[in-house]
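Please read the structure below before turning to the comments.
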Amino acid sequence: MPSLIYIVDDDESVCRALKILLSSYDFEVKTFNSAQKFFDSVANDDPGCLLLDIHMPGLDGWEVQKKILNSGSKRPVIFISAEKQDNAADRALKVGAVGFLQKPVNGQTLVDLINDAKN
Amino acid sequence: MKNIKVVKSTKSCSILPKKAKRPLLRKTTRNILEDKLRFQMEEMVTQNSKLMQGIDREKVAEEQIHIRTKAMEAASDGIFIIDAKDNNFNIVYANPSFQMITGYAKKEIIGHNYFMYAGGNSDLRISGEIRQTLSQGKSFHGELLKFKKNGEKYWCLLRIAPIRDTKGVVTHYVGIKSDITLMKQRVLEIEEQREELLHVTRVGKLAEFVSSLAHEISQPLTAILSYAQAAQRMLKDREPQLQEILQFIVNDDQRAAEVIRRLRYLLKKSKPAFVSLDINTVIRDTVSLIIPQVTAKDKVIKFELDIGLPLIQGDRIQLQQVVLNLISNSLEAMESKKDSHELIIRTSRKDTDTILVQVRDSGCGIPEGNMKKLFSHFFTSKPDGLGMGLSISRSIIEAHGGHLEAENNPDRGATFYFILPIQMKNSNEY
Chain A
8 MPSLIYIVDD DESVCRALKI LLSSYDFEVK TFNSAQKFFD SVANDDPGCL
58 LLDIHMPGLD GWEVQKKILN SGSKRPVIFI SAEKQDNAAD RALKVGAVGF
108 LQKPVNGQTL VDLINDAKN
Chain B
299 MKNIKVVKST KSCSILPKKA KRPLLRKTTR NILEDKLRFQ MEEMVTQNSK
349 LMQGIDREKV AEEQIHIRTK AMEAASDGIF IIDAKDNNFN IVYANPSFQM
399 ITGYAKKEII GHNYFMYAGG NSDLRISGEI RQTLSQGKSF HGELLKFKKN
449 GEKYWCLLRI APIRDTKGVV THYVGIKSDI TLMKQRVLEI EEQREELLHV
499 TRVGKLAEFV SSLAHEISQP LTAILSYAQA AQRMLKDREP QLQEILQFIV
549 NDDQRAAEVI RRLRYLLKKS KPAFVSLDIN TVIRDTVSLI IPQVTAKDKV
599 IKFELDIGLP LIQGDRIQLQ QVVLNLISNS LEAMESKKDS HELIIRTSRK
649 DTDTILVQVR DSGCGIPEGN MKKLFSHFFT SKPDGLGMGL SISRSIIEAH
699 GGHLEAENNP DRGATFYFIL PIQMKNSNEY
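Going line by line, the protein sequences match chains A and B. The numbering used here runs 7 ahead of the 1-based position in the first sequence. The numbering used here runs 298 ahead of the 1-based position in the second sequence.
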């Protein structure tokens with residue numbers, strides 16, 4: 008059974024492209040263009056890794072990560088952001104994320120990080 | 299001013315007493331004579347009194363003229379009167395302040411044509427404008443840059459108005475000139491401070507703009523890269539030509555991302571972060587940011603970099619700012635010169651402890667008079683310049699323990715160069 012990946016990004020094109028890319032690595036991918044839609048359709052204990060954009064309308068990436076942690080979920084989270092934030096990578100690790108990748112993200116790098124997260 | 303001298307007799311004087319005691323004449327004749335005399339006498343008294351009143355009035359007028367003259371002499375504005383006769387514009391009066399403001403003595407002013415005397419308007423255009431305004435019977439009002447007798451510049455607020463006689467004919471012109479140099483300087487200072495603020499604001503806005511632009515561009519770049527990489531995987535071991543094209547897409551996407559990364563890095567406000575740096579890399583990185591401008595201006599940047607240079611300690615962004623500033627200046631210096639294309643950036647070892655970076659252009663060079671002021675705040679020779687670039691550059695280089703200088707080349711153009719100390723731990727090796 009293929010591993011599940013959730014992508015939350017307000018940019019539709021980014022969602023679609025990453026979905027196509029990760030599907031080519033035999034992941035099963037579900038995309039959401041807002042955090043709310045993700046929480047509405049995915050339960051806390053559903054398996055799967057989350058690729059999370061930071062800058063989004065509504066709940067931003069940091070808030071989403073906090074909510075997941077507070078719910079007791081063990082879901083691995085990888086931040087993917089177009090923003091250049093000082094120490095964003097450090098901050099991501101500090102709040103319990105698996106990693107932080109700067110957009111545009113290289114496919115192989117992303118897949119390696121996802122595989123790390125699963126183990 | 300004419301002086302009126304009147305010897306005044308007492309007011310109550312009479313030439314003859316009203317009823318003089320005389321031997322009786324024939325009544326009628328005597329009476330007639332007396333009446334006549336009395337009449338004449340009364341007439342004289344009346345006339346005399348009228349005359350006295352006139353003298354009084356004249357005296358009051360004289361006092362007023364005296365006060366007005368003194369006031370004009372005492373005024374701190376320069377006041378002058380020009381004779382309107384014969385169109386000669388002869389100056390007939392100039393108060394002491396006029397003499398002080400212009401630096402010319404009375405005899406160098408009075409009797410001379412206002413437009414021709416040595417302190418007159420050096421700008422013929424303005425002289426013509428004043429003449430024309432006055433000849434139409436109108437008043438002139440304007441701010442002019444003028445020169446004192448000793449050559450010193452001063453800003454003058456000048457107002458000239460026609461004086462008319464009772465028939466409305468212009469007989470004279472009265473002029474007032476005020477030295478407004480200090481006021482002007484203050485206005486300029488305020489203008490400079492405003493420009494400085496605007497500049498800081500502009501930089502802030504630019505950084506903000508670049509940051510949001512970078513974000514917006516990164517999103518489609520992410521999508522493009524992912525699409526291309528997905529396609530590469532789907533075509534694995536097939537369609538080598540398409541594979542190659544996809545690789546080009548990936549490469550160019552990453553190149554665009556790199557440009558954004560650098561741009562963002564360059565505009566980031568940060569404390570100086572001193573790290574070990576290869577100055578040649580700093581230079582190449584900077585040039586890559588400005589190369590489209592260089593090409594657009596039909597110029598070429600030639601590198602003469604010593605690849606064996608030791609590392610230096612420095613802040614990458616700050617040093618990039620300096621290099622960028624020097625290149626931009628050089629490009630501007632060469633802009634007007636159609637026959638100068640080449641800009642040379644040279645690095646070399648100056649001595650055991652320092653390295654030398656030179657930016658050499660073949661532009662217009664630096665006028666000798668500007669050499670000293672070149673690195674001061676707000677000094678600029680460009681119409682749209684802010685005069686911040688070189689002063690900021692110099693303080694950056696000095697904060698790195700080096701110094702930034704400029705000199706004109708023996709043939710043409712100028713060379714800006716800075717010297718930086720090499721990393722201390724390296725010095726042990728030599």
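Don't be surprised by glycine CBs; every beta carbon is placed ideally from N, CA and C. Here the structure is a predicted model, which means the values were calculated and not measured.
Exercise for the section: Taking only beta-carbon positions, decide if A:A95 is within less than 9 angstroms of chain B. Expected result: As a position in the first sequence, residue 95 of chain A is number 88, starting the count at 1. Chain B contact via Cβ: absent.
Exercise for the section: Using a Cβ cut-off of 7 angstroms, pull out every chain A residue sitting near B:D583, in sequence order please. Expected result: What you label residue 583 of chain B is simply residue 285 of the second sequence in a count that begins at 1. Those do not exist, as B:D583 stays about 17 angstroms from chain A at its closest Cβ, beyond 7 angstroms.
Exercise for the section: Report the residues of the stretch 519-538 of chain B with a CB closer than 7 angstroms to any CB of chain A, ordered along the chain. Expected result: Under the 7 angstroms Cβ criterion, the stretch 519-538 of chain B contributes L519, T520, A521, L523, S524, Y525, Q527, A528, R531, M532.
Problem - Sequence-distant residues of its chain with Cβ nearer than 7 angstroms to B:K348 (five each side left out) - result: Position 50 of the second sequence, counted from the first residue, corresponds to residue 348 of chain B. Excluding residues within five positions, none has a Cβ falling inside 7 angstroms.
Exercise for the section: For B:T645, count neighbouring C-beta atoms within 10 Å of its own C-beta (all shown protein chains included) and say buried if the count is 16 or more, exposed if not. Expected result: The sequence position of residue 645 of chain B within the second sequence is 347, counting from 1. It counts as buried.
Handout entry: 7 angstroms Cβ shell around A:A104 - same chain, five flanking residues per side excluded
Key = Locating residue 104 of chain A in the first sequence gives position 97, counting from the first residue. Excluding positions up to five away in sequence, the list reads Q72, V84, I85, F86.
Practice task
Over the uninterrupted beta strand (DSSP E) stretch that includes B:C662, give me the two end residues.
Solution key: Walking along the second sequence from the start, residue 662 of chain B turns up at place 364. That residue, B:C662, is in no beta strand (DSSP E); it is neither H nor E in DSSP.
Handout entry: Through-space distance from B:L622 to B:E556, alpha-carbon basis
Key = Position 258 of the second sequence, counted from the start, is the residue given in the question as residue 556 of chain B. Position 324 of the second sequence, counted from the start, is the residue given in the question as residue 622 of chain B. Cα-Cα distance, rounded: 18 angstroms.
Exercise for the section: Assuming B:V468 contacts B:A382 (C-beta within less than 8 angstroms), just tell me the rounded distance between them. Expected result: Position 170 of the second sequence, counting from 1, holds the residue named residue 468 of chain B. Position 84 of the second sequence, counting from 1, holds the residue named residue 382 of chain B. The distance from the Cβ of B:V468 to that of B:A382 is about 5 angstroms, consistent with a contact at the 8 angstroms cut-off.
Exercise for the section: Quick one: using the 10 Å Cβ neighbour count with 16 as the cut-off for buried, is B:L331 buried or exposed? Expected result: Residue 331 of chain B sits at position 33 when you count from the first residue of the second sequence. Result: exposed.
Problem - For B:K383, the first and last residue of its enclosing alpha helix (DSSP H) - result: Numbered from its first residue, the second sequence carries residue 383 of chain B at position 85. Counting along the chain, B:K383 sits inside no alpha helix (DSSP H), nor does DSSP assign it H or E at all.
Problem - Pair within 9 angstroms by beta-carbon distance, B:L672 and B:G699 - result: The residue given as residue 672 of chain B occupies position 374 in the second sequence. The residue given as residue 699 of chain B occupies position 401 in the second sequence. Result no, Cβ atoms of B:L672 and B:G699 do not sit closer than 9 angstroms.
Handout entry: Backbone CA spacing between B:I605 and B:G711 [nearest angstrom]
Key = For the purposes of this step, residue 605 of chain B is taken as residue 307 along the second sequence, with counting starting at 1. For the purposes of this step, residue 711 of chain B is taken as residue 413 along the second sequence, with counting starting at 1. When rounded, the distance between both Cα atoms is 26 angstroms.
Exercise for the section: Identify every run of the beta strand (DSSP E) within the stretch 19-97 of chain A, keeping only runs that are complete inside it and at least 3 residues long; order them along the chain. Expected result: The stretch 19-97 of chain A contains, as complete beta strand (DSSP E) runs of 3+ residues, the segments 35-39, 56-59, 84-88 (chain order).
Exercise for the section: Report the residue from B:L607, B:A529, B:H513, B:I424 whose alpha carbon sits nearest the alpha carbon of B:L561. Expected result: Locating residue 561 of chain B in the second sequence gives position 263, where the first residue counts as 1. Each of B:L607, B:A529, B:H513, B:I424 was checked against the Cα of B:L561, and the nearest Cα belongs to B:H513.
Problem - Residues that B:Q517 contacts on chain A, provided the C-beta gap is smaller than 8 angstroms - result: Counting from one through the second sequence, the residue named residue 517 of chain B turns up at place 219. In chain order: D18, S20, V21, A89, K110.
Practice task
Please list the partners that A:G114 has in chain B, where partner means a Cβ-to-Cβ separation under 8 angstroms.
Solution key: As a position in the first sequence, residue 114 of chain A is number 107, starting the count at 1. Neighbours of A:G114 on chain B, chain order: L523, S524, Q527, A528, R531.
Exercise for the section: Report the residue from B:E441, B:A528, B:P460, B:K465 whose alpha carbon sits nearest the alpha carbon of A:R23. Expected result: Here residue 23 of chain A refers to the residue found at position 16 of the first sequence. With respect to the C-alpha of A:R23, the residue from B:E441, B:A528, B:P460, B:K465 having the closest C-alpha is B:A528.
Practice task
Consider the Cβ of A:I27: report whether some Cβ of chain B lies at a distance smaller than 9 angstroms.
Solution key: For the purposes of this step, residue 27 of chain A is taken as residue 20 along the first sequence, with counting starting at 1. Judged by the 9 angstroms Cβ criterion, A:I27 is in contact with chain B.
Exercise for the section: Identify every residue that forms a DSSP beta bridge with B:L442. Expected result: One-based indexing of the second sequence puts residue 442 of chain B at position 144. Per DSSP, B:C454.
Practice task
Answer yes or no: do B:S524 and A:V21 have a C-beta to C-beta separation smaller than 9 angstroms?
Solution key: Residue 524 of chain B sits at position 226 when you count from the first residue of the second sequence. Residue 21 of chain A sits at position 14 when you count from the first residue of the first sequence. Result yes, Cβ atoms of B:S524 and A:V21 sit closer than 9 angstroms.
Handout entry: Within chain A, partners of B:A571 - CB distance below 7 angstroms
Key = Here residue 571 of chain B is taken as the residue at index 273 of the second sequence, counted from 1. For B:A571, no chain A residue has a C-beta closer than 7 angstroms to its own C-beta; the minimum C-beta separation is roughly 12 angstroms.
Practice task
Use the C-beta contact count for B:N329: other C-beta atoms within 10 angstroms, 16 or more gives buried, fewer gives exposed.
Solution key: As a working mapping, residue 329 of chain B is identified with position 31 in the second sequence. B:N329 should be labelled exposed.
Exercise for the section: Just mark B:R462 as buried or exposed, buried being the case when its beta carbon has 16 or more other beta carbons within 10 Å. Expected result: Sequence index remark: in the second sequence, residue 462 of chain B carries index 164 (1-based). Burial state of B:R462 is exposed, judged by a 10 Å Cβ sphere holding fewer than 16 other Cβ atoms.
Practice task
For B:M398, collect the residues of the same chain with a Cβ closer than 8 angstroms to its Cβ; drop the 5 residues on either side in sequence, then sort them by chain order.
Solution key: Taking the first residue of the second sequence as position 1, residue 398 of chain B is located at position 100. Only G376 meet the Cβ criterion.
Problem - Below-9 angstroms beta-carbon distance, A:A24 vs any chain B residue - result: In the first sequence, counting from the first residue as 1, residue 24 of chain A sits at position 17. The C-beta of A:A24 comes closer than 9 angstroms to at least one C-beta of chain B.
Practice task
Specify the secondary structure class of B:V485 as computed by DSSP and reduced to three states.
Solution key: Translated into positions along the second sequence, residue 485 of chain B becomes position 187. Of the three classes helix, strand and coil, the one that applies to B:V485 here is helix, per DSSP.
Practice task
Anything in chain A within Cβ reach of B:A555, meaning under 9 angstroms, just list it in chain order.
Solution key: The count along the second sequence starts at 1 and reaches residue 555 of chain B at position 257. Taking the beta carbon of B:A555 as reference, the chain A residues within 9 angstroms of it are Q109, K110, P111, listed in sequence order.
Practice task
Using a threshold of 9 angstroms, state whether the C-beta atoms of B:V600 and B:E633 are closer than that.
Solution key: The residue you call residue 600 of chain B lines up with position 302 of the second sequence. The residue you call residue 633 of chain B lines up with position 335 of the second sequence. Here the sequence assigns Lys to residue 600 of chain B, which means Val is not the residue at that position. Result no, Cβ atoms of B:K600 and B:E633 do not sit closer than 9 angstroms.
Practice task
Going by DSSP, name the residue or residues bridged to B:C612.
Solution key: By 1-based counting over the second sequence, the position of residue 612 of chain B is 314. In the sequence as presented, Cys is not what sits at residue 612 of chain B; that position holds Gly. B:G612 is bridged to B:V573.
Practice task
May I ask you to list the residues that DSSP assigns as paired with B:D477?
Solution key: Taking the second sequence and counting its residues from 1, one reaches residue 477 of chain B at position 179. Partner(s): B:C454.
Exercise for the section: Inspect the beta-carbon positions of A:P64 and B:I522 and report whether they are closer than 9 angstroms. Expected result: If you number the first sequence from 1, residue 64 of chain A lands on position 57. If you number the second sequence from 1, residue 522 of chain B lands on position 224. Not in contact: A:P64 and B:I522 (Cβ atoms no closer than 9 angstroms).
Exercise for the section: On the DSSP bridge assignment, give the partners of B:S293 in chain order. Expected result: Residue 293 of chain B is absent from the structure shown; chain B starts at 299 and stops at 728.
Problem - Contact between the stretch 536-545 of chain B and the stretch 473-493 of chain B (3+ Cβ pairs under 8 angstroms) - result: Because the criterion of three Cβ pairs below 8 angstroms is not met, the stretch 536-545 of chain B and the stretch 473-493 of chain B do not touch.
Problem - Residue ranges of each beta strand (DSSP E) within the stretch 516-600 of chain B, 3 or longer - result: With a minimum length of 3 residues, the continuous beta strand (DSSP E) runs that stay inside the stretch 516-600 of chain B are 573-575.
Handout entry: Separation of A:G106 from A:A95, as counted between CA atoms
Key = For this step, residue 95 of chain A is matched to residue 88 along the first sequence. For this step, residue 106 of chain A is matched to residue 99 along the first sequence. Spanning the two alpha carbons is a distance of roughly 10 angstroms.
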